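*Asks:*
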Amino acid sequence: MANSCLQFSGFMVSCIGWIGIIIATATNDWVVTCKYGMNTCKKMDELGAKGLWAECVISTALYHCISLTQILDLPAYIQTSRALMVIASILGLPAVALVLVSMPCINLGNEPESAKNRRSVVGGILVLLVAMCGIVSTVWFPIGAHHEQGLMSFGFSLYAGWVGSAFCLLGGCMISCCSADSPAQYNENRFYYSKQGAVSTPPGSANHAKSAHV
């Protein structure tokens, strides 16, 4: 029962984290850039925002974005972060699906419990891969943007990526830990019960008793 609750909690946490990864991938408010100083740019109304797909100019009367379509001319940190976030968003779907069909309340035919456990472990590993891709992207991108454009602050998309990566990391660990096969414990001196409820000993025990009298 405890493992089932832990697995369900990990599944819900992973879903929330995956949604955060998708939001971070789809939006462009990763970092807020400024040519002078943050307070000066706010007074002059000349703030900029940069994400994986576009670079925007933010002001009171204007919000204009320029798409980053020149893939070969983009810095390495943008190309790598873009690829990792896309991979994380795609991997999240089979990861969540595998964990979902591994729930104790869902049965696919007469499959053994070990098959469900293996499927759940694979799903947990995929969720951890999603978390790793998100962590690398959301850490590398602001560092690269800072070296390229100087002063900045973090945007909403970056916070969504951090929270999503942390949730996926936590959910993947919970799923993987609670999906281990429990070793079956066998007792050598088992008793066999007949239909009438009488206790009978296995054949090997009778032979052992005869040899003991001899």
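Under the UniProt record's numbering, read the sequence shown as residues 1 to 214, first letter to last.
Ideal placement from N, C-alpha and C gives every residue a C-beta, glycine not left out.
Note that the structure is a prediction, hence the values are computed from the model and not measured.
Reducing DSSP to helix, strand and coil, say where V57 ends up.
*Replies:* strand
*Asks:* Looking at the structure shown, is G48 part of a helix, part of a strand, or coil, going by DSSP?
*Replies:* strand
*Asks:* Give me the Cα-Cα distance between C173 and C5, rounded to the nearest whole angstrom.
*Replies:* C173 and C5 have their C-alpha atoms some 14 Å from each other.
*Asks:* Which residues mark the beginning and the end of the alpha helix (DSSP H) in which V130 is found?
*Replies:* V130 -> alpha helix (DSSP H) spans 113-149.
*Asks:* Using a Cβ distance threshold of 8 Å, determine whether the region 88-95 contacts the region 122-132, with at least three qualifying pairs required.
*Replies:* yes
*Asks:* According to DSSP, is C65 helix, strand or coil?
*Replies:* strand
*Asks:* I want to know whether the region 160-168 touches the region 19-36 - three or more CB-CB distances under 8 Å.
*Replies:* yes
*Asks:* In angstroms with no decimal places, state the Cα-to-Cα distance between S165 and C105.
*Replies:* 27 Å
*Asks:* Judging by CA-CA distance, which residue of D29, P112, L169 is the nearest neighbour of M152?
*Replies:* D29
*Asks:* Give the DSSP-derived three-state secondary structure of M85 in the structure shown.
*Replies:* helix
*Asks:* With M174 as the anchor, note down where its alpha helix (DSSP H) starts and where it stops.
*Replies:* Where M174 is concerned, the enclosing alpha helix (DSSP H) starts and stops at 156-178.
*Asks:* Assuming I175 and F11 form a contact by the criterion Cβ under 8 Å, report the distance between their Cβ atoms to the nearest whole angstrom.
*Replies:* 7 Å
*Asks:* Counting C-beta neighbours from all protein chains within 10 Å, is the total for L72 16 or more, i.e. buried, or is it exposed?
*Replies:* exposed
*Asks:* Quick check on T115: buried or exposed, where buried means 16 or more other Cβ atoms within 10 Å of its Cβ?
*Replies:* The sequence given here places Ala at residue 115; Thr does not occur at that position. The residue is exposed, with fewer than 16 neighbouring Cβ atoms inside 10 Å.
*Asks:* Just curious, the beta strand (DSSP E) that V101 is in, first and last residue?
*Replies:* Looking at the DSSP string, V101 is not in any beta strand (DSSP E), and its letter there is neither H nor E.
*Asks:* Would you tell me roughly how many angstroms separate the C-alpha atoms of A184 and V86, rounded to the nearest one?
*Replies:* Caution applies to A184, whose pLDDT of 42 falls short of 50 and renders its modelled position unreliable; the value that the coordinates give is listed next. Approximately 41 Å, taken between the alpha carbons.
*Asks:* Identify which residue in V96, P112, F154, L68 has its Cα closest to the Cα of V13.
*Replies:* V96
*Asks:* Can you check DSSP and say which residues form a bridge with V32?
*Replies:* A49, S153
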